[in-house]
Amino acid sequence: MSIPVAYNDIGKSSKDLLTKDFAIGGVKLEVKSTTSNGITFKVNSHRDNKTGIIVGDIESKYTDKARGISFTEAWTTSNHLNGRLELENNLAKGLKLELIGSYVPSIHHKSARLNAVYKQPHMNTTGSLDMFSHNVNVNTTIGANGYVAGGEIAYGLKNAKIQRYSAAIGYSTFNYAVALQATNNCNDYAASYYHRISSELEASGKATWRNKDGMNAVALEVGFKRQLDPTASIKGKITNTGLVSASYTQLIRQGVKVNVGAFVDSTRLDQNVHKLGLALTFEK
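Numbering (the UniProt record's numbering), first residue to last: 1 to 284.
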């Protein structure tokens, strides 16, 4: 018996095709390495083309798969200290606990959140508690035979009020997937699809309608991914407002990948609003 996807992963195949691998507006660098005893080091950096500001972080992660324990710590260029402790299948089979915390020394700001993920056949539930604001977020999905339905609710313990809620349904197979989502207290609606046309070609589309939008219009975007060969691929997407994005990804060799992206506003071709970007990934 299968476990349905998490609530936030309903419609993920469409979202990934329309949003991932578009390195636009800056230069990104990611370096990742793993030691023989399971410690992973990762450095991320990003330079914004418009402002020239460079931001980044350095992260290390230790994983003990035998005991189901992992610990992650990170330090950012804005002097944020972040940590995450994960315990999986320790207290019960299918239960994962996470304690996530951060500290900003310059302003003495602290935050902490406790997450719990429980997976069983036909059910996938996630709960989150903010230790300082006392806000609770719970979402769950149920599903079978490719069908999935779920809901999410955020509740404030201090004021005893529901802060937001949403719902989603979906159906997926290896070759295609469809999803319908209602967010922002069921005021925003989105319908999406993903289609694996062949082993080299994938397509996706999404329509979004906002109930509180004065124009009462539907936003559309469609995209595709073409696998040129085992090491190279191209992606493209366009919206009904004339925004065009394209990217090219090349695996230079094992562990070295480069991604080039471009963004063009076809309604303002004579203006300085177009963007280029580059992303480099090194992994060992």
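The C-beta atom is built at its ideal place from N, Cα and C for all residues, glycine as well.
These numbers come from a predicted model, not from an experiment.
For I107, count neighbouring Cβ atoms within 10 angstroms of its own Cβ and tell me buried if that reaches 16, exposed if not.
As a working mapping, residue 107 is identified with position 107 in the sequence shown. Classification for I107: exposed.
Using 8 angstroms as the threshold, is the region 39-54 in touch with the region 135-153, meaning 3 or more CB pairs across them?
Per the Cβ contact rule, the region 39-54 is not in contact with the region 135-153 (fewer than 3 Cβ pairs under 8 angstroms).
Using 8 angstroms as the Cβ pair cut-off and three pairs as the minimum, do the region 18-26 and the region 157-174 touch?
Taking 8 angstroms as the limit for Cβ pairs, the verdict is that the region 157-174 does not touch the region 18-26.
One question on the structure: do Y103 and L81 come within less than 7 angstroms of each other, judged by their Cβ atoms?
Within the sequence shown, residue 103 is the residue found at index 103, counting from 1. Within the sequence shown, residue 81 is the residue found at index 81, counting from 1. Their beta carbons are under 7 angstroms apart, which means Y103 touches L81 by this criterion.
Please name the residue in I142, V178, G101 whose C-alpha comes closest to that of Y7.
Here residue 7 refers to the residue found at position 7 when the sequence shown is read from its first residue. Answer by Cα proximity: I142.
For a test of the three-state rule: what should DSSP assign to K161, helix, strand or coil?
Along the sequence shown, read from residue 1 onward, the residue named residue 161 stands at position 161. Looking at K161 - three-state DSSP - the assignment turns out to be strand.
Nearest to V260 by alpha carbon, out of R268, S266, Q250, M131?
By one-based count along the sequence shown, residue 260 stands at place 260. Closest by alpha carbon: Q250.
How many Å lie between H122 and T140 at the Cα?
As a first step, residue 122 must be located in the sequence shown, where it is residue number 122. As a first step, residue 140 must be located in the sequence shown, where it is residue number 140. Computed Cα separation, rounded: 11 angstroms.
Is the separation between the beta-carbon of A168 and that of S13 shorter than 7 angstroms?
Counting from one through the sequence shown, the residue named residue 168 turns up at place 168. Counting from one through the sequence shown, the residue named residue 13 turns up at place 13. Not a contact, by the Cβ cut-off of 7 angstroms.
For L91, which three-state DSSP category applies?
Residue mapping note: residue 91 aligns to position 91 of the sequence shown, counting from 1. The answer is coil: DSSP assigns L91 none of H, G, I, E or B.
Does DSSP put L17 in a helix, in a strand, or in coil?
The residue labelled residue 17 in the question sits at position 17 within the sequence shown. Helix.
Can the beta-carbon of A191 be found closer than 7 angstroms to that of A207?
Locating residue 191 in the sequence shown gives position 191, where the first residue counts as 1. Locating residue 207 in the sequence shown gives position 207, where the first residue counts as 1. Taking 7 angstroms as the Cβ cut-off, A191 and A207 qualify as a contacting pair.
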